[in-house]
Amino acid sequence: MDVRDLIVGTIFLLHTIFGTLGNSFLLFYYFFLHHMGCRLRPTDFIVKNLIVANFLVLFSSGIRSTMESFGGFHNISNLGCKFLPYIRVLGRGMSIGTTCLLSVFQAITIIPRSFRWAEIKDKAPKCIVPSVVLCWMVSMLVNVIYPVFMSRSLDNNSISETKNFGYCSAVRHDQTMDSVYAMLLSFPDVIFFGVMLWASGFMVLILYRHKQRVQYLHRNTVSSTSSPESRATKTILFLVSTFIYFNTLSSIFQIALSVFNNPNWFLLNINSLITLCFPTICPFLLLSRESSVSRICSIWARKNNPPNL
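Counting along the sequence shown from 1, when you hit position 211 you're at 444 in our numbering, and nothing is skipped either side.
Structure below.
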């Protein structure tokens, strides 16, 4: 094994371990709050689906890239080459969709009652589950192209007609068809990115107006930083900014992989590494907005201490 592969494999392994632990802890945190009888926010359902999407990316891309770097991926079957990339892009697509929904519904949550759109605040929670289901359906249908054209490299009869991705390969098309497929796969990402940018700009505007109003009224007890909604909004803005940064890079590399006939070792590994960055960082960003210690301790105290204490 080369030193280069050992270093890259170790990086993939650390990303996978920390990402799995972070998402597992966040999922356990929500189950614990539910068990303790704490009332969950409507957007927590979106966060749970985001955790599932992170797990799909970590298991399909992180474990695969780690085993491939350490030389333990040579026995992959043709079925594995078809569905491991599909699971990875499905998780990535759901990560984009759920992050977009999270930013949109958080923007709706902080709409002041004085706005003319304020009536949608009461209707928005009913649309969360259908919106998440629609995201799953769109991601599954758009990315079905992967199991259709992907296969094991050794199972291809003509090397000149395939695009090599290491142990797996894809059917090679002309540049026009590759560009069409790249545009088809990138179109939902562009739509979601645009909606996320709009929702983020709207939230920044609402927070700015709220800050100006507080300063005008000189009410130091009412602060945008002390409000749970404002704290959650700022965390989601930070989450969206991190997501857009990493997934813009990932989209660029995805387009490059679709256009180049035989991507080299560096391009393949950098693309996998960037894909793993957001699922690894995401749970820690979400946990940072939770006042978990005080929240859990207060619930625990109410359940276990007698009223006279």
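Backbone N, C-alpha and C fix where the C-beta goes; we use that ideal spot for every residue, glycine too.
Taking only the alpha-carbon atoms, compute the straight-line gap between L247 and F511 and give it to the nearest angstrom. For the purposes of this step, residue 247 is taken as the residue at position 14 of the sequence shown. For the purposes of this step, residue 511 is taken as the residue at position 278 of the sequence shown. So the alpha carbons of these two residues sit roughly 14 Å apart.
Rounded separation between S525 and I329 - CA only: Sequence index remark: in the sequence shown, residue 525 carries index 292 (1-based). Sequence index remark: in the sequence shown, residue 329 carries index 96 (1-based). Unreliable positioning characterises S525 in this predicted model, as indicated by a pLDDT of 49, which lies under 50. The coordinate reading is nonetheless provided below. Roughly 26 Å between the two C-alpha positions.
Please name the residue, chosen from K359, G326, T331, C401, that lies closest to L312 on a Cα-to-Cα basis. Taking the sequence shown and counting its residues from 1, one reaches residue 312 at position 79. The residue with the shortest Cα to Cα distance from L312 is C401.
Beta-carbon proximity list for F479, same chain, < 7 Å, skipping 5 on both sides: Position 246 of the sequence shown, counted from the first residue, corresponds to residue 479. Only I507, C510, F511 meet the Cβ criterion.
So, is V362 buried or exposed, given that buried needs 16 or more other C-beta atoms within 10 angstroms? Residue mapping note: residue 362 aligns to position 129 of the sequence shown, counting from 1. Under this definition V362 is an exposed residue.
For C515, the three-state DSSP class (helix, strand or coil): Stepping through the sequence shown from its first residue, residue 515 is reached at position 282. Here C515 sits in helix by DSSP.
C-alpha distance - P318 paired with T466, whole-angstrom precision: In the sequence shown, residue 318 corresponds to position 85, counting from 1. In the sequence shown, residue 466 corresponds to position 233, counting from 1. About 33 Å.
On the DSSP bridge assignment, give the partners of C333 in chain order. Your numbering for residue 333 matches position 100 in the sequence shown. Partner(s): none; C333 has no beta bridge.
Alpha helix (DSSP H) containing I250: first to last residue? Along the sequence shown, one-based indexing puts residue 250 at 17. Segment 236-268, the alpha helix (DSSP H) holding I250.
Under the assumption that L418 contacts V377 (Cβ atoms under 8 Å), give the Cβ distance between them as a whole number of angstroms. For this step, residue 418 is matched to residue 185 along the sequence shown. For this step, residue 377 is matched to residue 144 along the sequence shown. So it is not a contact: roughly 11 Å between Cβ atoms.
In whole angstroms, what is the alpha-carbon distance linking A403 and S484? As a position in the sequence shown, residue 403 is number 170, starting the count at 1. As a position in the sequence shown, residue 484 is number 251, starting the count at 1. Rounded to the nearest angstrom, the two C-alpha atoms are 18 Å apart.
The ligand ADP heavy atoms versus the CB of I477: any closer than 8 Å? With respect to the ligand ADP, the structure shown offers nothing to examine, as it has no ligands at all.
E301, enclosing alpha helix (DSSP H) - first and last residue: Counting from one through the sequence shown, the residue named residue 301 turns up at place 68. 296-302 is the span of the alpha helix (DSSP H), which, as asked, contains E301.
K354: first and last residue of the uninterrupted alpha helix (DSSP H) it sits in: Translated into the one-based positions of the sequence shown, residue 354 becomes position 121. It spans 353-356 - the alpha helix (DSSP H) in which K354 sits, taken as one unbroken run.
Closest to M208 by C-alpha separation, out of L501, I284, T468, would be which residue? Beyond the ends of the chain as shown, which are 234 and 542, falls residue 208; an answer cannot be given.
Identify, in the order they occur along the chain, each residue of the same chain with its Cβ nearer than 8 Å to the Cβ of T468, setting aside the five sequence neighbours on each side. As a first step, residue 468 must be located in the sequence shown, where it is residue number 235. These residues qualify, in order along the chain: L518, L519, S521, R522.
Roughly how many angstroms lie between the CA atoms of F425 and C333, to the nearest whole one? Within the sequence shown, numbered from 1, the residue matching residue 425 stands at position 192. Within the sequence shown, numbered from 1, the residue matching residue 333 stands at position 100. Straight-line Cα distance between these residues: approximately 6 Å.
Enumerate in chain order the residues of its own chain whose CB-to-CB distance from S293 is below 7 Å, with the five nearest sequence positions on each side excluded. On the sequence shown, position 60 is the one that residue 293 refers to. Counting only Cβ-Cβ distances below 7 Å, and skipping sequence neighbours, we find L317, I320, R321, G324.
What is the DSSP secondary structure of N453, counted as helix, strand or coil? Locating residue 453 in the sequence shown gives position 220, counting from the first residue. With a pLDDT of 49 at N453, under the threshold of 50, the modelled position of this residue cannot be trusted; read the value that follows with caution. Note: N453 maps to coil in three-state DSSP.
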